[in-house]
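*Asks:*
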Amino acid sequence: MRVIFLNWRDRTHPRSGGAEVLAQGLATRLASAGHDVTFYCARVAGQPDDAEIDGVKVVRRGGRYSVYSQARAWLRAARPAYDLLIDHINTVPFFTPLYDRTRAVALVPQLARDVWWYEVPALVAPLGMAAERAYHTLYRNTPAITISRSTKEDLRRFGWRAPIRVISMPVAAGGSELLDKHSPPALLFVGRLTPSKRVEQAIDAFAVVRARIPGATLWIAGSADDTHYERMLHQRSQRVGGVEFLGHIDDVQRRQRMGTADMLLVTSVREGWGLVVTEANAVGTPAAGYDVAGLRDSIKPGQGLLVPPGDARALGTAVADLLLDRGALAHMAARARADAAYYGWDRTYAEFVDALRALRPDLKL
Numbered sequence: 002m003r004v005i006f007l008n009w010r011d012r013t014h015p016r017s018g019g020a021e022v023l024a025q026g027l028a029t030r031l032a033s034a035g036h037d038v039t040f041y042c043a044r045v046a047g048q049p050d051d052a053e054i055d056g057v058k059v060v061r062r063g064g065r066y067s068v069y070s071q072a073r074a075w076l077r078a079a080r081p082a083y084d085l086l087i088d089h090i091n092t093v094p095f096f097t098p099l100y101d102r103t104r105a106v107a108l109v110p111q112l113a114r115d116v117w118w119y120e121v122p123a124l125v126a127p128l129g130m131a132a133e134r135a136y137h138t139l140y141r142n143t144p145a146i147t148i149s150r151s152t153k154e155d156l157r158r159f160g161w162r163a164p165i166r167v168i169s170m171p172v173a174a175g176g177s178e179l180l181d182k183h184s185p186p187a188l189l190f191v192g193r194l195t196p197s198k199r200v201e202q203a204i205d206a207f208a209v210v211r212a213r214i215p216g217a218t219l220w221i222a223g224s225a226d227d228t229h230y231e232r233m234l235h236q237r238s239q240r241v242g243g244v245e246f247l248g249h250i251d252d253v254q255r256r257q258r259m260g261t262a263d264m265l266l267v268t269s270v271r272e273g274w275g276l277v278v279t280e281a282n283a284v285g286t287p288a289a290g291y292d293v294a295g296l297r298d299s300i301k302p303g304q305g306l307l308v309p310p311g312d313a314r315a316l317g318t319a320v321a322d323l324l325l326d327r328g329a330l331a332h333m334a335a336r337a338r339a340d341a342a343y344y345g346w347d348r349t350y351a352e353f354v355d356a357l358r359a360l361r362p363d364l365k366l
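Here it is as structure tokens:
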């Protein structure tokens with residue numbers, strides 16, 4: 002079978018995240034199974050236009066915005082033969098229904114929706130939300146694969162009529178051994194330092210914790226594109242104390258911090274799933290976050306804490322209560338770790354293949 006993935010970014014992109022890990026991991030496993038796989042994505046400075054990574058042909062064209070228009074130009078010029086076209090919709094789609102209504106399957110990790118209000122100017126946000134609803138209408142007859150019940154429900158609300166299958170997000174094998182917890186208690190935030198992640202609310206929640214547990218520490222791991230937002234976070238943290246900014250950390254450091262932290266804080270406006278939650282769970286660290294799309298799927302009852310969206314004080318109070326009840330925390334951590342063992346690449350790939358067989362029974366898989 003010949004497969005083309007259309008993607009905004011690949012996993013080597015500086016702004017890549019869980020969606021790129023998922024898409025490229027699926028492409029790699031299809032190639033390992035003997036299929037001919039091409040992964041189209043944007044190019045960043047210093048990267049070759051064409052490469053081969055783990056048996057997958059990688060084609061890089063265009064930049065952050067032109068990658069979409071150049072995708073169709075590349076398809077027209079190169080005329081690659083394919084049986085399956087995976088349209089990876091990560092905020093902006095490739096509009097494949099305009100030129101291929103029969104061979105495309107959409108991969109939709111999440112919808113932007115209210116993220117628009119945090120990441121673009123206020124005058125632009127309503128236009129972004131309207132455009133998102135409009136292009137999903139265009140896709141309403143395209144079969145889709147997503148990663149959470151929340152996103153599936155969002156797609157149905159946007160008028161998606163075609164079949165939608167849900168697959169699980171994978172956690173990479175290895176590095177799941179239990180580590181000694183930090184003393185005094187440490188909390189961890191991991192992610193891009195961007196307004197839609199509401200990092201300032203993680204700091205506000207930590208202020209509530211630190212008022213009750215004076216020696217507590219908050220580690221913030223991630224980098225920022227917006228220097229004004231980053232400066233605001235540093236100023237806010239100085240008023241609280243006990244906050245350490247780690248910057249970008251590699252996978253080894255990430256697992257070490259996750260394993261030694263007592264809890265993970267997740268304050269996003271929404272997520273597709275919240276892979277960082279499952280990664281932390283795998284090393285015995287439960288998560289606390291807001292009851293929003295994605296996080297209500299990954300943070301399960303008895304395995305983490307959910308509070309009303311935007312209520313940093315409630316988040317801090319719930320976390321402090323749990324930190325002060327070490328028995329309850331240990332029980333929650335054990336349940337979270339047991340659940341995380343369910344999520345692995347073998348399962349995700351098997352679910353992906355089953356989904357393709359259901360959505361495209363003509364394919365030879």
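My numbering applies: residue 2 is where the sequence shown begins, and numbers increase by one. We put the beta carbon where it would ideally sit given N, CA and C, even for glycine.
Take the Cβ of residue 111 as the centre, count every other Cβ of all protein chains shown within 10 Å, and call the residue buried at 16 or more, exposed below.
*Replies:* Per the 10 Å Cβ criterion, buried.
*Asks:* Mind the definition here: the segment 181-195 touches the segment 258-269 only if three or more C-beta pairs lie below 8 Å; say whether that holds.
*Replies:* Cβ pair count under 8 Å is three or more, so yes.
*Asks:* List, from N- to C-terminal side, the beta strand (DSSP E) runs of 3 residues or more that fit wholly inside the segment 16-58.
*Replies:* Listed in chain order, they are 37-42 and 51-54.
*Asks:* Using only the heavy atoms of the ligand FMN, determine whether one of them is closer than 7 Å to the beta carbon of residue 94.
*Replies:* Looking at this structure, you won't find the ligand FMN or any other ligand, since it has none at all.
*Asks:* Going residue by residue through the segment 300-337, where are the continuous alpha helix (DSSP H) segments of at least 4 residues, counting only ones entirely within it?
*Replies:* Segments of the alpha helix (DSSP H) lying fully in the segment 300-337: 313-324.
*Asks:* Does residue 246 come out as helix, strand or coil in the three-state DSSP assignment?
*Replies:* DSSP places residue 246 in strand when its eight states are reduced to three.
*Asks:* Per DSSP, what kind of secondary structure is residue 138 in: helix, strand or coil?
*Replies:* Correct three-state label for residue 138: helix.
*Asks:* Would you call the CB atoms of residue 82 and residue 57 closer than 8 Å?
*Replies:* Cβ distance not < 8 Å, so residue 82 and residue 57 don't count as in contact.
*Asks:* Tell me residue 289's beta-bridge partners as DSSP assigns them.
*Replies:* Paired residues: 266 and 306.
*Asks:* If you compare alpha carbons, which of 15, 55, 132 and 258 is closest to residue 96?
*Replies:* Checking every option, the nearest Cα to that of residue 96 belongs to 132.
*Asks:* Between the alpha carbons of residue 321 and residue 186, how many angstroms are there, rounded?
*Replies:* Rounded to the nearest angstrom, the two C-alpha atoms are 10 Å apart.
*Asks:* So who's on the other strand from residue 4, going by DSSP bridges?
*Replies:* Residue 4 is bridged to 38 and 85.
*Asks:* Hey, which unbroken runs of the alpha helix (DSSP H) at 4 residues or more fall wholly within the segment 74-126?
*Replies:* Whole alpha helix (DSSP H) segments, 4+ residues: 117-120.
*Asks:* I'd like to check one pair, residue 295 with residue 149: are the Cβ atoms closer than 8 Å?
*Replies:* Their beta carbons are under 8 Å apart, which means residue 149 touches residue 295 by this criterion.
*Asks:* Any chance the segment 31-51 sits against the segment 4-15, with 3 or more Cβ pairs inside 8 Å?
*Replies:* Yes: the two stretches touch, three or more of their Cβ pairs being nearer than 8 Å.
*Asks:* Name the two residues that bound the continuous alpha helix (DSSP H) containing residue 222.
*Replies:* Segment 218-222 is the beta strand (DSSP E) holding residue 222; no alpha helix (DSSP H) there.
*Asks:* I'd like to know whether the C-beta atoms of residue 76 and residue 105 end up nearer to each other than 8 Å.
*Replies:* The answer is no: Cβ separation not under 8 Å.
*Asks:* Do residue 162 and residue 141 count as a contact pair if the criterion is CB distance below 8 Å?
*Replies:* Contact flag set, yes.
*Asks:* Less than 8 Å between the beta carbons of residue 152 and residue 273, yes or no?
*Replies:* Yes; because the gap between Cβ atoms is below 8 Å, this pair is in contact.
*Asks:* Pick helix, strand or coil for residue 132, following the three-state DSSP scheme.
*Replies:* Residue state, collapsed to three classes: helix.
*Asks:* Can you find the residues in the same chain that come closer than 6 Å, C-beta to C-beta, to residue 195, ignoring five residues on each side of it along the sequence?
*Replies:* Around residue 195: no qualifying Cβ.
*Asks:* With a CB to CB cut of under 6 Å and the five nearest residues on each side skipped, what residues in its chain are close to residue 362?
*Replies:* The answer is none, since no qualifying residue turns up.
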